[in-house]
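Below: one structure, written as structure tokens.
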């Protein structure tokens, strides 16, 4: 099945008076799924040749709590070290077979922790060898402009360089290569407000 992505401009945000911000615009994006409803928990990235390099700050952490990975999706920059602390009373065995990062954290118990460094961009699905119901993702990005949609399917970013850019949306429910849909956009010096809608 092939999906077509449309970006529907809603309105340009107000021009910020400060001269130094004329080339660093705010962007607001609403993501809608095939049913027209907000797509919650999707990763939105904006790729532009004018973007500064990513900065590793942290700490970054994916807890095992209540037999689940929390958060379900974690966005980290390339080079980030992510902790995997076990907050459950039972032991976990965290692993991933992804191309971006393959690792295997053998059984460890409550309040123990392991750390993995993610040095390649891509989506890293997580699993537990003991609890098949557990699933999660580490999204490793090479752009500093990345955010997770909220309960309204909305993200807002600031400091986006004006000019041409590519908006990419990743979500495990998107039936496209890499579970990713993309669309070129032009960010005005005053900013951009748009809806990213998935269509069949």
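Numbering (my numbering), first residue to last: 119 to 318. Even glycine gets a Cβ: it sits at the ideal position worked out from N, Cα and C. Predicted model, so just to flag it, every value in this text is computed and none were measured.
If you run the structure through DSSP and keep just helix, strand and coil, what is residue 295? helix
Out of 144, 142, 151 and 186, which one is the CA nearest neighbour of residue 291? 151
Three CB pairs or more closer than 8 Å across the segment 281 to 296 and the segment 173 to 185: no
Mind pulling the alpha helix (DSSP H) runs of 4 or more residues that sit fully within the segment 221 to 277? none
What span of residues does the beta strand (DSSP E) with residue 147 cover, start to end? 142 to 150
Taking the C-alpha atoms as reference points, what is the distance between residue 160 and residue 258? Here the alpha carbon of residue 160 sits roughly 14 Å from the alpha carbon of residue 258.
7 Å Cβ cutoff met for residue 142 and residue 277: yes
Using only CA atoms, which one of 230, 249, 208 and 216 lies nearest to residue 237? 216
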